[in-house]
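Asks: Residue numbers (the numbering used here), protein chains in the order written: chain A, 138 to 528; chain B, 138 to 528. Next up is a structure, given as structure tokens.
Protein chains: 2
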Amino acid sequence: MNTADQSFVKIHNQKIILDQLIQHYPISRADLAKMTSLNKATISSQTVSLMEKKLIYEIGTGESSGGRKPVMLVFNKTAGYVIGVDLGINYILTVLTDLEGNILFQNSYEIIDSSYEAIKPILIERIVEAAQGAPESPYGIIGIGVGIHGFVNNDQTIVFTPHSKWKDIDLKIILEEQFHCTVLIENEANAGAYGERLFGAIKNCSNGIFLSIGIGIGVGIIVNNELYRGTQGFSGEMGHMSIEYNGKKCGCGNTGCWELYASEKTLFENISKLKGLEHVTYKQISQLIQVQNMEVIKELDRFGYYLGIGLTNIINTFNPEAIVLRSGLIESNPIVLNSIQNTISSRISQYAHQNHQIYLSQLSRKATVLGAASFVIEHFLNEPDHLRLMK
Amino acid sequence: MNTADQSFVKIHNQKIILDQLIQHYPISRADLAKMTSLNKATISSQTVSLMEKKLIYEIGTGESSGGRKPVMLVFNKTAGYVIGVDLGINYILTVLTDLEGNILFQNSYEIIDSSYEAIKPILIERIVEAAQGAPESPYGIIGIGVGIHGFVNNDQTIVFTPHSKWKDIDLKIILEEQFHCTVLIENEANAGAYGERLFGAIKNCSNGIFLSIGIGIGVGIIVNNELYRGTQGFSGEMGHMSIEYNGKKCGCGNTGCWELYASEKTLFENISKLKGLEHVTYKQISQLIQVQNMEVIKELDRFGYYLGIGLTNIINTFNPEAIVLRSGLIESNPIVLNSIQNTISSRISQYAHQNHQIYLSQLSRKATVLGAASFVIEHFLNEPDHLRLMK
DNA sequence: TAAGTTTGTTTGTTTAATAAACAAATAAAT
DNA sequence: ATTTATTTGTTTATTAAACAAACAAACTTA
């Protein structure tokens, strides 16, 4: 029940102007007026306000098109910096980005002891290290975004991580107290979906699905231009969608869960069993494919087949504009897409002609970490008054 | 990129005031000011505007609470009337309602020939009949809402109806030309979801799922307080979600589709086979249950079991606040809910404690028709200027 | 050199929300 | 019965933001 007044109008229009500027800079006031259909005078007054906030600045005149030369405005992408963290199962990926998501610094750490007690100091250390890489700027470090493999509720508490067994960890409060800045915690797939929507394969897509395929399968859902988190924050647990109601028993309690058939973990297990190996690596699989090892290729086909079954369910559920697949294996062996596509084509409803695109992740390993950072950026740009300590 | 100005503010606040008034009338200006946290003077000026539009009126003074008596305002629910139509597989249900969804007139027609050519004149006749039941009012018949069993795209064209085989029928334009009023066409499950959210089991629920179980299974999805239609309008085809990837072949092209296991149609077929009958009716089944026929009860349990399997998938996907089941059979034999709940409980992820409620449809047979009508009501109340012919 | 165009600012108007003052009506206290 | 405090709803003046129109500056083109 948010009522509107004059100040709402100003904030609302300023957000539109800034958005257009970010999308199309360098740009003149006159062009902004044309694009937004706001009055020239309104643009003039709003740009003053944006310049006072150091979010934009003038870079001199542009080309004339038969009259006075325009003064070009640009987005000040270095008005502040953000730290993004991807807390994976066996790694911590940390980045420092500007307000456009450009990476200035990155660091990857391999987790040995995944207990919370062991991770916490390492995490803080990595964040401090990244923060030190930020140049002087009006707003300094505007916040920290964390994407994590596990259940995060709508209060941003980490409720449970299936692999490292963290329980009810309030990392948000802990980091806020440590660093005194905005901290946003999100599920790994949600963050990935957001990253791909802002910077990657589904840029500006209204309805998109992000599929994170690894040890399990996680799904990030974007509907009606928004991330859909669910009532408590637990949407997108489609790895535990049953595709064989009387199938294999899963640790979650369900039977025939999709990720028991279509995760990278399952594929790796199958191939290592096939080859009589204890363990098989990405590299080994890629090599086996390159030498046309038929057993492995057949296994890969089955992998794509099972993915296609679940994806058909997703398409029937969401009628999405696009689906993004995040899987190191598929990204380095895009041939899997063929069996995925074939399976979907043979199964998708013939009643209505559904249009959908399937893309590989453009951000790849950085989808989650950039998504996490972008939550913070968006939060910062939506904050009507940038009342913060100047660094 | 909708910029805001003063008139936006007025329209926006007026909508909030009217919404509060509809929810809480009779109500005074003073109480509206408190509830909306708008200034008293603003409420005074806006109520003048709403009274000019005939959407509200005064009904005299109320009880004083220690000062001047308040003037009570009420919503003018008879400012106009709406026609709702449910175009089912073997019936046409038509209602006339006021602006609150109260039914003034209703009519049910059994379809014999379901071809478009046969239905069209009957449909028009039913609408005319319903319209004649409307009393004199400021706005007259404000529109016609149609819920239909089949694929409706985002342009509101009926793309395909699986049973009656209609193809690319632009009913919206046809009815608009015939009746010169707003016409809105929606999928049956989407309309039902909307009806239940406005008037029924999931009133004001932010994230809810409506399950229409009949010859097939259709799903209406409400997320982030909005109906989710999908990119083309084909979301919620979860009847064709595979729960057994190598299962029964479905007419849609997929295998192991949920509705092959958990639709009323399947249940009826199974029971009639069991009893060696050509055909079995709702009544017969209810009677068999009442006399504790174990074969039938077992079959009913299986029905609930299969529903529970798909519902577990839905909960894992959406983490909804509530799920509404629309099934004549379950509504008259709510015992089925037990096996549904048991199946879900034993299968739902133990990782995170998910809260969800499962309700029976409150609107029952009228869910779709009231949902269809409510789209028109909402459209009317959102129209900033009610520039229409007075009847 | 003159004419027309483009850009961005200035000026005054319009509109809707708000605060404050006010009048009317009423209940409760004395 | 009188006083006091309270509640309701209107009136008045103020504020803020968008806008239209006028304008000045800077530029291109003929």
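Even for Gly, the Cβ is constructed at its ideal location relative to N, Cα and C. Everything numeric in this text was worked out from a predicted model, so none of it was measured.
1. Could you spell out where the beta strand (DSSP E) holding A:Asp223 opens and where it closes?
2. List the residues of chain B that A:Gly174 touches, going by C-beta distances under 9 Å, in chain order.
3. For A:Cys342, which option in A:Val211, A:Val461, A:Ser144 and A:Gly441 has the closest C-alpha, if you only look at C-alpha atoms?
4. Under 8 Å Cβ-Cβ, which residues of chain B neighbour A:Gln491?
5. Can you list, in chain order, the stretches of the alpha helix (DSSP H) that have 4 or more residues and sit fully within the segment 318-403 of chain B?
6. Just reading off the alpha helix (DSSP H) that B:Val296 is part of, what are its end residues?
7. What residues of chain B sit near A:Thr403, judged by a beta carbon separation below 7 Å?
8. Span of the alpha helix (DSSP H) holding B:Ser469?
9. Tell me whether B:Tyr253, by its Cβ, gets closer than 8 Å to a heavy atom of the ligand MG.
10. Can you pull the chain A residues whose beta carbon is under 7 Å from the beta carbon of B:Glu381, in chain order?
11. Under 7 Å Cβ to Cβ from A:Gly332, same chain only, skipping five residues before and after it: list those, please.
12. From A:Trp395 to A:Lys385, what distance separates their C-alpha atoms?
13. Is any beta-carbon of chain A found at less than 9 Å from that of B:Asn341?
14. Looking only at its own chain, which residues have a Cβ that is under 7 Å from the Cβ of A:Leu526, when we skip the five neighbours before and after it?
15. Could you tell me if A:Leu444 is buried or exposed, where buried requires 16 or more neighbouring beta carbons within 10 angstroms of its beta carbon?
16. Could you tell me the alpha carbon to alpha carbon distance between A:Asn453 and B:Ile358, rounded to whole angstroms?
17. Which residue marks the beginning of the alpha helix (DSSP H) containing B:Gln151, and which one marks its end?
18. Write down every uninterrupted run of the beta strand (DSSP E) in the segment 469-506 of chain B whose length is 3 residues or greater and which is fully enclosed by it, in chain order.
19. From the DSSP output, in three-state form, read off A:Thr184 for me.
20. Hey, is B:Glu325's beta-carbon within less than 9 Å of any beta-carbon in chain A?
21. Would you give the residue range spanned by the beta strand (DSSP E) that A:Leu260 belongs to?
22. Taking the beta carbon of B:Thr198 as the centre, do at least 16 other beta carbons fall within 10 Å, making it buried, or is it exposed?
23. Can you name, in chain order, every residue of its own chain whose Cβ lies under 6 Å from the Cβ of B:Asp142, other than the five neighbours on each side?
24. Spell out a yes or no on whether the segment 387-394 of chain A and the segment 480-487 of chain B are touching, meaning 3 or more CB-CB pairs, one atom from each, closer than 8 Å.
25. For A:Leu321, tell me which candidate among A:Ala167, A:Asp223 and A:Lys171 has the shortest Cα-Cα distance.
26. Using a 10 Å radius around the Cβ and a threshold of 16 neighbouring Cβ atoms, would you call B:Lys309 buried or exposed?
27. Could you name the residues of the same chain whose beta carbon sits closer than 6 Å to that of A:Leu524, not counting the 5 residues immediately before and after it, in chain order?
28. Please confirm whether B:Pro163 has its beta-carbon closer than 9 Å to some beta-carbon of chain A.
29. Taking DSSP as the reference, what is the three-state secondary structure of A:Glu314?
30. Kindly indicate the opening and closing residues of the alpha helix (DSSP H) around B:Ser201.
31. Just checking: is the beta-carbon of A:Ser464 within a distance shorter than 9 Å of some beta-carbon in chain B?
32. At what residues does the alpha helix (DSSP H) containing B:Gly445 begin and finish?
33. Determine, using beta carbons only, whether B:Asn344 comes closer than 9 Å to chain A.
34. With DSSP as the reference, identify every bridge partner of B:Thr215, one or two as the case may be.
35. Drop a sphere of 10 angstroms on the beta-carbon of B:Pro272, count the other beta-carbons inside from all chains shown, and report buried for 16 or more, exposed for fewer.
36. Give the C-beta separation of B:Val211 and B:Ile193 to the nearest angstrom, bearing in mind that I take them to be a contact with Cβ-Cβ under 8 Å.
Replies: Concretely, from the data shown:
1. Position 86 of the first sequence holds residue 223 of chain A. Counting along the chain, the beta strand (DSSP E) containing A:Asp223 begins and ends at Tyr218 to Leu224.
2. Taking the first sequence and counting its residues from 1, the one referred to as residue 174 of chain A is at position 37. Reading off the sequence shown, one finds Ser at residue 174 of chain A, where the question assumed Gly. Chain B residues near A:Ser174: Met138 and Thr140.
3. Position 205 of the first sequence holds residue 342 of chain A. Of A:Val211, A:Val461, A:Ser144 and A:Gly441, the residue nearest in Cα terms is A:Val461.
4. Counting from one through the first sequence, the residue named residue 491 of chain A turns up at place 354. Per Cβ cutoff of 8 Å: Gln369 and Phe371.
5. 325-336 and 396-399
6. Along the second sequence, one-based indexing puts residue 296 of chain B at 159. For B:Val296, there is no enclosing alpha helix (DSSP H); the residue is found in the beta strand (DSSP E) stretching over Ile295 to Phe297.
7. Counted from its first residue, the first sequence places residue 403 of chain A at position 266. Contact note: A:Thr403 does not reach chain B at a C-beta cutoff of 7 Å; the least C-beta distance is about 14 Å.
8. Counting from 1 along the second sequence, the entry for residue 469 of chain B is found at position 332. First-last of the alpha helix (DSSP H) with B:Ser469: Gly465 to Ser469.
9. The ligand MG is not among the ligands present in this structure, which contains no ligands whatsoever.
10. As a position in the second sequence, residue 381 of chain B is number 244, starting the count at 1. In chain order, Glu381 and Tyr382 make up the part of chain A whose C-beta sits under 7 Å from the C-beta of B:Glu381.
11. Looking up residue 332 of chain A in the first sequence gives position 195. Here the set comprises Leu500, Ala504, Thr505, Leu507, Gly508 and Ser511.
12. Position 258 of the first sequence, counted from the start, is the residue given in the question as residue 395 of chain A. Position 248 of the first sequence, counted from the start, is the residue given in the question as residue 385 of chain A. Each residue's Cα considered, the two are about 10 Å apart.
13. Taking the second sequence and counting its residues from 1, one reaches residue 341 of chain B at position 204. Chain A, which has no Cβ nearer than 9 Å to the Cβ of B:Asn341, makes this no.
14. Mapped onto the first sequence, residue 526 of chain A falls at position 389. Because A:Leu526 sits at a pLDDT of 37, beneath the cut-off of 50, its placement in the model cannot be relied upon, and the point is left open.
15. Sequence index remark: in the first sequence, residue 444 of chain A carries index 307 (1-based). Buried, by the Cβ-count rule.
16. Within the first sequence, numbered from 1, the residue matching residue 453 of chain A stands at position 316. Within the second sequence, numbered from 1, the residue matching residue 358 of chain B stands at position 221. Cα to Cα, A:Asn453 sits roughly 12 Å from B:Ile358.
17. As a working mapping, residue 151 of chain B is identified with position 14 in the second sequence. Unbroken alpha helix (DSSP H) run through B:Gln151: Gln143 to His161.
18. 494-497
19. If you number the first sequence from 1, residue 184 of chain A lands on position 47. Correct three-state label for A:Thr184: helix.
20. For the purposes of this step, residue 325 of chain B is taken as the residue at position 188 of the second sequence. B:Glu325 does not count as touching chain A.
21. Taking the first residue of the first sequence as position 1, residue 260 of chain A is located at position 123. That residue, A:Leu260, is in no beta strand (DSSP E); its alpha helix (DSSP H) goes Tyr253 to Gln269.
22. As a working mapping, residue 198 of chain B is identified with position 61 in the second sequence. With fewer than 16 Cβ atoms within 10 Å of its Cβ, B:Thr198 is classed as exposed.
23. Position 5 of the second sequence, counted from the first residue, corresponds to residue 142 of chain B. None.
24. yes
25. Position 184 of the first sequence, counted from the first residue, corresponds to residue 321 of chain A. The option with the nearest alpha carbon to A:Leu321 is A:Asp223.
26. By one-based count along the second sequence, residue 309 of chain B stands at place 172. So B:Lys309 ends up on the buried side.
27. Counting from 1 along the first sequence, the entry for residue 524 of chain A is found at position 387. Any answer about A:Leu524 is weak, because its pLDDT of 49 lies below 50 and its placement is not dependable; what the coordinates show is given next. None.
28. On the second sequence, residue 163 of chain B is found 26 positions in, with the first residue counted as 1. Judged by the 9 Å Cβ criterion, B:Pro163 is not in contact with chain A.
29. Reading the first sequence from its first residue, position 177 is the one you call residue 314 of chain A. Helix, per DSSP.
30. Stepping through the second sequence from its first residue, residue 201 of chain B is reached at position 64. Element bounds for B:Ser201: n/a, residue is neither H nor E.
31. Reading the first sequence from its first residue, position 327 is the one you call residue 464 of chain A. Judged by the 9 Å Cβ criterion, A:Ser464 is not in contact with chain B.
32. Your numbering for residue 445 of chain B matches position 308 in the second sequence. Taken as a continuous stretch (DSSP letters only), the alpha helix (DSSP H) holding B:Gly445 covers Met431 to Phe455.
33. On the second sequence, residue 344 of chain B is found 207 positions in, with the first residue counted as 1. Taking 9 Å as the threshold, the shortest C-beta distance from B:Asn344 to chain A falls below it.
34. Position 78 of the second sequence, counted from the start, is the residue given in the question as residue 215 of chain B. B:Thr215 is not bridged to any residue.
35. The count along the second sequence starts at 1 and reaches residue 272 of chain B at position 135. Counting of Cβ neighbours within 10 angstroms places B:Pro272 among the exposed residues, the total staying below 16.
36. Residue numbering aside, residue 211 of chain B sits at position 74 when the second sequence is read from its first letter. Residue numbering aside, residue 193 of chain B sits at position 56 when the second sequence is read from its first letter. At roughly 7 Å, the Cβ-Cβ gap stays under 8 Å, so B:Val211 and B:Ile193 are in contact.
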